[in-house]
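Quick note: the sequence shown uses this note's numbering, first residue 344, plus one each step. Just so it is clear, CB atoms sit at the ideal spot from N, CA and C, and this is done for glycine as well. Everything numeric in this text was worked out from a predicted model, so none of it was measured. Heads up: the structure comes next, in structure tokens.
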Amino acid sequence: MSAPLPAAHATPTPELLQALKDAVGDKGWSDDRQDVAPHLVDERNLYYGVTPLLLRPATVDEVSACVRLCAEARVPIVPQGGNTGLVGGAVPFEHGGEILLCLSRMNRIREVDTVNDSMTAEAGCILETVQTAARDAGRYFPLSLGAQGSCQIGGNIATNAGGCAVLRYGHMRELVLGIEAVLPNGRVYDGLKSLRKDNSGYDLKQLLIGSEGTLGIITAGVLKLFPPPVERHTTFAGVASPEAALDLFSRAREALGDAVTAFELMPRIALDFVLAHIPGTRDPLAAPHPFYVLCEATATRHDLALADALNVLLEKVLEAGLINDATVAAGETQAQALWKLRESVSEAQKHEGGSIKHDISVPIATLPGFIGEASWRVEKLIPGVRVVAFGHVGDGNIHFNLSQPKNAEREAFLSRWDEASRLVHDTVVDMGGSISAEHGIGRLKRDELVRLADPLELDQMHAIKRTLDPHNIMNPGKLVLPG
């Protein structure tokens with residue numbers, strides 16, 4: 344759906360475009376259609392935008408100059424990281440009146456401090472690069488995502504990314520000590536503090552984490568580092584139901600404590616998709632099971648007690664019939680093979696036709712009830728729909744994805760996105776959950792947020808937006824509308 348340029352915004356003039364080009368230098372901009380094209384479509388091919396100019400600044404001063412020029416001209420600007428987001432938050436609108444600013448050239452690791460266990464990284468650093476830099480320094484950065492080879496740390500901060508290790512380490516809000524950002528008026532907020540304690544007023548960085556580029560452009564962050572795991576035990580088990588998976592999770596936490604780093608759930612249909620479409624994968628268990636659990640326990644020092652405790656746990660739950668079969672990875676290669684099964688679900692699902700996807704969270708105790716109720720509702724709405732509900736049991740985050748019925752028409756199925764999502768989101772809210780667990784709101788869920796959020800919360804979001812971005816030039820139309 345095309346959107347007109349809001350009345351409060353001005354159309355970029357040739358003079359503004361030239362000033363922006365001058366601000367970033369010859370290597371810092373492009374208006375070549377072929378070069379710009381990959382930046383104008385989102386990961387799911389749901390949104391296609393238009394821009395008169397793509398900026399690639401190399402320093403925070405260049406970002407500041409660009410934002411200041413746009414602010415003075417009342418021209419909107421859209422920040423973009425690795426463009427791996429799933430809610431259309433980093434793609435400009437179709438009216439063509441927004442400047443697109445990509446952070447990819449700001450990709451330096453500025454500092455690694457092994458005494459403070461922190462790293463200062465620029466926004467354009469690829470997540471894998473951050474992980475590697477931590478590892479080279481004898482430390483560990485725990486954020487892990489399927490897109491870690493292409494997503495950028497600034498985008499991870501701006502969307503409050505989660506991933507598979509939230510259970511033990513938390514999401515980005517808990518992994519960021521400080522932030523550097525350019526605010527909507529072009530001023531630079533220098534909040535690159537590495538303090539573990541700072542109780543000197545409002546925590547401004549928390550406004551920017553998860554703000555999806557609507558309150559400012561994050562240019563660097565101070566990240567928490569941790570001792571690297573030296574012992575890892577990865578278990579893949581077959582279970583009869585989400586209820587059994589939740590029971591297993593409780594027992595694993597009781598037996599292993601905080602050593603449980605990840606606890607993932609996937610249904611048989613997800614594994615079937617992976618085995619059919621992802622080369623080099625195989626079923627790790629002898630017989631099929633309705634659901635599977637991938638549990639990982641880690642230790643930062645060699646501790647035979649952890650392995651013993653895991654073995655005792657598996658013996659007890661097998662005896663009790665809580666799991667039907669299980670395998671424990673014998674080494675890193677096998678562990679990676681098991682994780683590949685889980686991390687390939689989204690890619691495999693692309694080969695099964697159209698997908699209507701949801702990233703939701705509910706209180707952990709209600710997970711089985713949510714999966715059952717939401718599945719019943721969508722199957723009644725769209726007979727033959729294939730529910731692929733998988734994700735992070737340990738933090739209540741389920742990716743409740745719907746694959747089109749076999750032999751259905753892709754476009755006809757996708758045309759029902761809004762009504763299917765309404766059913767799913769209503770079920771989430773009924774159970775005290777959130778319609779966005781880790782992917783953000785962006786453009787995709789903006790209207791649903793308006794429909795379902797507490798009016799007081801929306802009022803406060805509008806007030807914050809008006810205060811920091813009074814002219815609504817910073818990624819307008821995403822996350823929250825002016826109010």
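Looking at the DSSP output, Met-817 bridges to Ile-420. Straight-line measurement puts the Cα of Asn-818 at about 5 Å from the Cα of Val-421.
Short of 7 Å from the beta carbon of Ala-672, and not among the five residues preceding or following it, lie these beta carbons of its own chain, in chain order: Thr-577, Ala-678, Leu-681. A distance below 8 Å between beta-carbons, with the five flanking residues on each side excluded, links Pro-627 to the following residues of its chain, in chain order: Phe-579, Thr-670, Ala-680, Leu-681, Leu-684.
Beta-bridge analysis with DSSP links Lys-567 to Ser-461. The beta carbon of Phe-733 is closer than 8 Å to those of Glu-607, Leu-608, Met-609, Pro-610, Ala-613, Arg-685, Val-688, Ile-741, His-742, Asn-744 in its chain, skipping five residues each way along the sequence.
Closest in C-alpha terms to Glu-695, from the list Ala-563, Gly-506, Gly-623, Pro-748, comes Pro-748. Pairing Pro-395 with Ile-442, the inter-Cα distance amounts to about 7 Å. Pairing Glu-586 with Ile-666, the inter-Cα distance amounts to about 11 Å.
Counting only runs of 3 or more residues that sit fully inside the region 641 to 705, the beta strand (DSSP E) segments are 668 to 671, 702 to 704, in chain order. Counting C-beta atoms within 10 angstroms of its own C-beta, Arg-729 has 16 or more neighbours from the protein chains shown and is therefore classed as buried. Going by DSSP, Thr-472 is part of the alpha helix (DSSP H) stretching over 470 to 479. Pairwise C-beta distances place the region 504 to 513 out of contact with the region 381 to 401, as fewer than three of them are shorter than 8 Å. Scanning its chain for C-beta atoms nearer than 7 Å, with the 5 sequence neighbours on each side dropped, one finds around Ser-537 the residues Asp-456, Asn-459, Ser-461, Leu-520, Gly-521, Val-565, in chain order. Judged by beta-carbon spacing, Thr-641 lies within the 7 Å limit of Pro-572, meaning their Cβ atoms are closer than that value. Shortest Cα-Cα distance from Glu-437 to any of Ala-401, Asn-450, Thr-402, Val-384 involves Val-384.
At a Cβ-Cβ threshold of 7 Å, Gln-491 and Gly-425 do not count as neighbours.
Annotation for Asn-388: no alpha helix (DSSP H) segment contains it, and DSSP assigns it neither H nor E.
When rounded, the separation of the alpha-carbon atoms in Val-379 and Ser-758 is 28 Å. Between Ala-401 and the set Leu-412, Ser-373, Cys-445, Arg-417, the nearest pair of CA atoms involves Cys-445. Look at the beta carbons and you see the region 460 to 475 touching the region 553 to 567: at least three pairs across the two are nearer than 8 Å. Straight across, the Cα-Cα distance linking Ser-543 with Leu-535 is about 15 Å. In this structure, Ile-816 places its C-beta atom within 7 Å of the C-beta atom of Cys-413.
Scanning its chain for C-beta atoms nearer than 8 Å, with the 5 sequence neighbours on each side dropped, one finds around Leu-510 the residues Val-603, Thr-604, Ala-605, Phe-606, His-735, Gly-737, Asp-738, in chain order.
Taking 3 residues as the shortest admissible run, the region 558 to 612 contains the following complete beta strand (DSSP E) segments, listed from N- to C-terminal end: 560 to 567, 574 to 582, 603 to 610. By the C-beta criterion, the region 587 to 594 is judged not to be in contact with the region 554 to 562, since fewer than 3 inter-stretch pairs fall below 8 Å. Taking C-beta atoms as the reference points, Leu-822 and Ile-784 count as a pair closer than 7 Å.
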